[in-house]
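Participant: Chain order of the listed sequences is D and X.
In terms of our numbering, the first sequence is residues 1 to 199.
In terms of our numbering, the second sequence is residues 200 to 398.
Protein chains: 2
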Amino acid sequence: MGKGLLIVISGPSGAGKGTICKRLLETNPQIMASISATTRRPRQGEENGVNYFFIDHDRFENMITKGDLLEYAKVYGNYYGTPKDYVIENLEKGNDVLLEIDIEGALQIKEKYREGIFVFILPPSLEELKSRIINRGTETEEDIKKRYGSAMSEISQVIKYDYVVINDDIDRAKEDIEAIIRAENCKVLRVHEEIKLRF
Amino acid sequence: MGKGLLIVISGPSGAGKGTICKRLLETNPQIMASISATTRRPRQGEENGVNYFFIDHDRFENMITKGDLLEYAKVYGNYYGTPKDYVIENLEKGNDVLLEIDIEGALQIKEKYREGIFVFILPPSLEELKSRIINRGTETEEDIKKRYGSAMSEISQVIKYDYVVINDDIDRAKEDIEAIIRAENCKVLRVHEEIKLRF
Numbered sequence: 001m002g003k004g005l006l007i008v009i010s011g012p013s014g015a016g017k018g019t020i021c022k023r024l025l026e027t028n029p030q031i032m033a034s035i036s037a038t039t040r041r042p043r044q045g046e047e048n049g050v051n052y053f054f055i056d057h058d059r060f061e062n063m064i065t066k067g068d069l070l071e072y073a074k075v076y077g078n079y080y081g082t083p084k085d086y087v088i089e090n091l092e093k094g095n096d097v098l099l100e101i102d103i104e105g106a107l108q109i110k111e112k113y114r115e116g117i118f119v120f121i122l123p124p125s126l127e128e129l130k131s132r133i134i135n136r137g138t139e140t141e142e143d144i145k146k147r148y149g150s151a152m153s154e155i156s157q158v159i160k161y162d163y164v165v166i167n168d169d170i171d172r173a174k175e176d177i178e179a180i181i182r183a184e185n186c187k188v189l190r191v192h193e194e195i196k197l198r199f
Numbered sequence: 200m201g202k203g204l205l206i207v208i209s210g211p212s213g214a215g216k217g218t219i220c221k222r223l224l225e226t227n228p229q230i231m232a233s234i235s236a237t238t239r240r241p242r243q244g245e246e247n248g249v250n251y252f253f254i255d256h257d258r259f260e261n262m263i264t265k266g267d268l269l270e271y272a273k274v275y276g277n278y279y280g281t282p283k284d285y286v287i288e289n290l291e292k293g294n295d296v297l298l299e300i301d302i303e304g305a306l307q308i309k310e311k312y313r314e315g316i317f318v319f320i321l322p323p324s325l326e327e328l329k330s331r332i333i334n335r336g337t338e339t340e341e342d343i344k345k346r347y348g349s350a351m352s353e354i355s356q357v358i359k360y361d362y363v364v365i366n367d368d369i370d371r372a373k374e375d376i377e378a379i380i381r382a383e384n385c386k387v388l389r390v391h392e393e394i395k396l397r398f
């Protein structure tokens with residue numbers, strides 16, 4: 001039994017990565033979701049070690065200093081990051097680990113864990129992207145323009161990824177990612193040691 | 200619609216590549232089998248342009264000289280080879296092309312068509328390989344030893360391939376290859392031009 005795969009899913013806002021990840025986790029029990037650490041307060045119903053690892057500011061900065069995070073960012077004064085230990089332990093056990101993350105975070109991870117599989121989720125078209133951003137409903141025209149502009153600049157980062165999945169149908173997108181995982185498990189470079197043992 | 204994929208399937212004798220390829224072609228109408236050219240005489244029931252392109256010695260050597268073959272070999276005085284035009288035309292049309300070929304041929308193709316997907320089929324174990332070679336039935340002990348030895352040296356070439364599929368179950372092996380094709384169609388490097396057009 002080899003090591004698990006780290007599957008990093010990202011893409012612009014409005015691409016639908018959250019829904020795809022949820023569907024993937026529901027139907028693939030061998031895939032674990034990575035759990036982020038954060039310094040923000042738990043909201044109603046959120047549990048430590050399930051939704052997030054809730055830790056204090058000092059401990060978070062200590063983790064940064066010690067290199068214990070695969071990536072991190074500060075958003076509105078709160079830290080968010082991916083604890084390395086939780087991911088690595090699961091991979092060593094042979095579990096695949098799924099990480100849904102923004103593009104900046106994904107690129108930080110790529111520097112630290114090159115064996116990861118980096119998947120970029122795209123909306124089916126520009127029009128669809130625009131209408132998904134608008135349909136979130138809560139934003140002003142100004143916000144929509146800003147979000148759209150940043151989505152466009154994010155899409156230009158796709159070239160730094162390994163795979164791109166176009167989310168024109170959730171089930172098809174999910175199956176694309178399942179195929180990617182299955183194919184990656186057939187990569188000679190991943191299984192070469194095992195083959196040497198067998199033959 | 201992008202270009203099709205060239206899928207090169209090879210592996211040691213007794214790995215079961217023929218059966219897997221047949222099954223793949225039956226259930227994937229978008230995949231075309233490559234047709235080899237040969238200088239040997241057609242056998243009963245063999246059709247030109249279906250089983251092989253039957254051509255004469257001079258024409259074959261002319262194709263070699265002009266670089267019209269992706270690979271070729273001479274076996275017991277007859278030439279066998281893969282005409283480039285047939286493969287390239289199908290790929291340009293968007294068809295995937297499947298090529299079942301020995302390891303030497305596969306490595307020749309890799310030099311000429313790097314974008315190909317090189318899949319190595321392995322038997323589930325050494326014992327199984329031995330018993331499959333023996334069960335072919337027609338060979339002497341000497342032949343069996345020779346075949347086994349050459350299978351072992353062929354297996355050491357696996358590192359030159361992209362993917363390895365272990366044939367412990369024909370349907371699973373077939374599905375592995377289908378997943379590889381699906382994943383390859385999601386590779387950023389293959390679809391980047393198309394994305395630039397869409398966004």
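Glycine included, each C-beta is placed from N, C-alpha and C at the ideal position.
Quick check for students: name the residue ranges of the beta strand (DSSP E) that lie wholly in the region 324-392 of chain X, counting only runs of 3 or more.
Facilitator: 362-365
Participant: Kindly say whether Ile358 (chain X), judged by its beta-carbon, lies nearer than 8 Å to any beta-carbon of chain D.
Facilitator: Ile358 (chain X) counts as touching chain D.
Participant: Pick out whichever of D:Ile9, D:Ile109, D:Leu5, D:Ile20 has its Cα sitting closest to the Cα of Ile170 (chain D).
Facilitator: Closest option to Ile170 (chain D), Cα to Cα, is D:Ile20.
Participant: Compute the Euclidean distance between the alpha carbons of Asp168 (chain D) and Pro124 (chain D), then round it to the nearest angstrom.
Facilitator: 5 Å
Participant: Taking 8 Å as the CB-CB cut-off, is Ile320 (chain X) touching chain D?
Facilitator: no
Participant: Express the C-alpha separation of Ala272 (chain X) and Ile7 (chain D) in angstroms, rounding to a whole number.
Facilitator: 42 Å
Participant: With DSSP as the reference, please indicate the residues paired to Lys273 (chain X) in a beta bridge.
Facilitator: As DSSP reads the structure, Lys273 (chain X) sits in a beta bridge with X:Tyr278.
Participant: Look at Ile64 (chain D) and His391 (chain X) and say whether their C-beta atoms are less than 8 Å apart.
Facilitator: no
Participant: Note down, in chain order, every chain D residue with its Cβ under 8 Å from the Cβ of Tyr362 (chain X).
Facilitator: Ala183, Cys186, Lys187, Val188
Participant: Alpha carbon to alpha carbon, what distance is there between Phe199 (chain D) and Leu325 (chain X)?
Facilitator: 6 Å
Participant: By how many angstroms is the C-alpha of Tyr362 (chain X) removed from the C-alpha of Ile166 (chain D)?
Facilitator: Each residue's Cα considered, the two are about 24 Å apart.
Participant: State yes or no: is the beta carbon of Asp370 (chain X) nearer than 8 Å to at least one beta carbon in chain D?
Facilitator: no
Participant: For Ser349 (chain X), decide whether its Cβ has a neighbour in chain B, counting only Cβ atoms nearer than 8 Å.
Facilitator: Looking at the structure shown, chain B is missing, and the protein chains on hand are D and X.
Participant: Could you pull out every residue in the same chain whose Cβ sits closer than 7 Å to the Cβ of Gln229 (chain X), ignoring the five residues on either side in sequence?
Facilitator: Asn294, Asp295
Participant: Helix, strand or coil: how does DSSP classify Asn48 (chain D) here?
Facilitator: strand
Participant: Check each candidate in D:Gly18, D:Gly105, D:Ala151, D:Arg40 and name the one with the smallest Cα separation from Asp56 (chain D).
Facilitator: D:Arg40
Participant: Does the Cβ of Arg331 (chain X) have 16 or more other Cβ atoms within 10 Å, making it buried, or fewer, making it exposed?
Facilitator: buried
Participant: Would you say Ile134 (chain D) and Ser10 (chain D) are within 8 Å of each other, going by their C-beta atoms?
Facilitator: No. Outside cutoff.
Participant: Under the assumption that Ala232 (chain X) contacts Tyr251 (chain X) (Cβ atoms under 8 Å), give the Cβ distance between them as a whole number of angstroms.
Facilitator: Not quite, the Cβ-Cβ distance comes to about 11 Å (not below 8 Å), so this is no contact.
Participant: For Asp375 (chain X) and chain D, any beta-carbon pair shorter than 8 Å?
Facilitator: It does: the Cβ of Asp375 (chain X) has a partner Cβ on chain D nearer than 8 Å.
Participant: Assuming Phe319 (chain X) is part of the beta strand (DSSP E), what are its boundary residues?
Facilitator: 316-321
Participant: Going by DSSP, what residue range makes up the beta strand (DSSP E) through Thr39 (chain D)?
Facilitator: Element bounds for Thr39 (chain D): n/a, residue is neither H nor E.
Participant: Does DSSP put Asp85 (chain D) in a helix, a strand or coil?
Facilitator: helix
Participant: Nearest chain X C-beta to Ser153 (chain D) closer than 8 Å, yes or no?
Facilitator: no
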